[in-house]
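Down below is the structure, laid out as structure tokens.
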């Protein structure tokens, strides 16, 4: 992948950011590097070794936010035919995250730390969204994965990334598999009336 001439990366580079800080530091892994990440992250996860730069706990979710997260998980596992009580199969599905769902490439989105990091993270979200939309516009697909950020130390070590940058999430990408059970699944959305208030 040639960086300067890649239209997807060029699109993402035009993402808006607070005060035009452009805080994204993106590392893309393919081939043997991706294989090394898969092996180490899978092993670490199986042993319960995680090193997230940012907190994540379902206990922090509440009300409808928690309910929506549980609905997403239910739909996903049911589509794959995995019963809630089938722990072995659920663990197998979980570990597919570290196989990058079979995608040939994975982008890791790193960021510097400014203040409470909220505005920087918002900028990273806009970069990620632009990257994903550009993939789709050109016939590709991508999967944003918060879980990849749980192995920040491993990713930094393998990719040679400075500790001054924090790993927010990753995006596995390539061509979609139309035969995959989850390919046609579309998660529901609350109505616009529930999320938007217009003041005249």
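In full-length UniProt numbering, the protein residues as written are 1 to 200. C-beta atoms are modelled at their ideal positions from N, C-alpha and C, and glycine is treated no differently. Just so it is clear, the structure is predicted and the values come from calculations on it, not from any experiment.
Open item on the list: If contact is defined by three or more beta carbon pairs under 8 Å, each pair taking one atom from either stretch, is the segment 152 to 162 in contact with the segment 44 to 58?
Closed with: With the cut-off at 8 Å, the segment 44 to 58 and the segment 152 to 162 touch.
Task: Whole-angstrom distance between residue 168 and residue 54, CA atom to CA atom - done: The residue you call residue 54 lines up with position 54 of the chain shown. The residue you call residue 168 lines up with position 168 of the chain shown. When only Cα atoms are considered, residue 54 and residue 168 end up about 7 Å apart.
Task: residue 103 beta carbon less than 8 Å from that of residue 131 - done: Locating residue 131 in the chain shown gives position 131, counting from the first residue. Locating residue 103 in the chain shown gives position 103, counting from the first residue. Residue 103 sits away from residue 131, with the two beta carbons spaced by 8 Å or more.
Task: Rounded separation between residue 179 and residue 116 - CA only - done: Taking the first residue of the chain shown as 1, we reach residue 179 at position 179. Taking the first residue of the chain shown as 1, we reach residue 116 at position 116. Rounded to whole angstroms, residue 179 to residue 116 spans 43 Å at the Cα level.
Open item on the list: Check this for me: beta carbons of residue 126 and residue 17, under 8 Å apart or not?
Closed with: Translated into positions along the chain shown, residue 126 becomes position 126. Translated into positions along the chain shown, residue 17 becomes position 17. Inclusion of residue 126 and residue 17 in the CB contact set at 8 Å is warranted, their separation being smaller than that value.
Open item on the list: Buried or exposed for residue 67, going by 16 or more other Cβ atoms inside 10 Å?
Closed with: Position 67 of the chain shown, counted from the first residue, corresponds to residue 67. Taking all protein chains in view, the Cβ of residue 67 is surrounded by fewer than 16 other Cβ atoms within 10 Å, so the residue is classified as exposed.
Open item on the list: Between which residues of its own chain and residue 15 is the CB-CB distance below 7 Å, once the five residues before and five after are set aside?
Closed with: Locating residue 15 in the chain shown gives position 15, counting from the first residue. The beta carbon of residue 15 sits closer than 7 Å to the beta carbons of 126, 127, 130 from its chain, once the five residues preceding and following it are set aside; these are given in chain order.
Open item on the list: Relative to the C-alpha of residue 32, which candidate in 138, 76, 159 has its C-alpha closest?
Closed with: Numbered from its first residue, the chain shown carries residue 32 at position 32. Distance from the Cα of residue 32 is smallest, within the candidate group 138, 76, 159, for 159.
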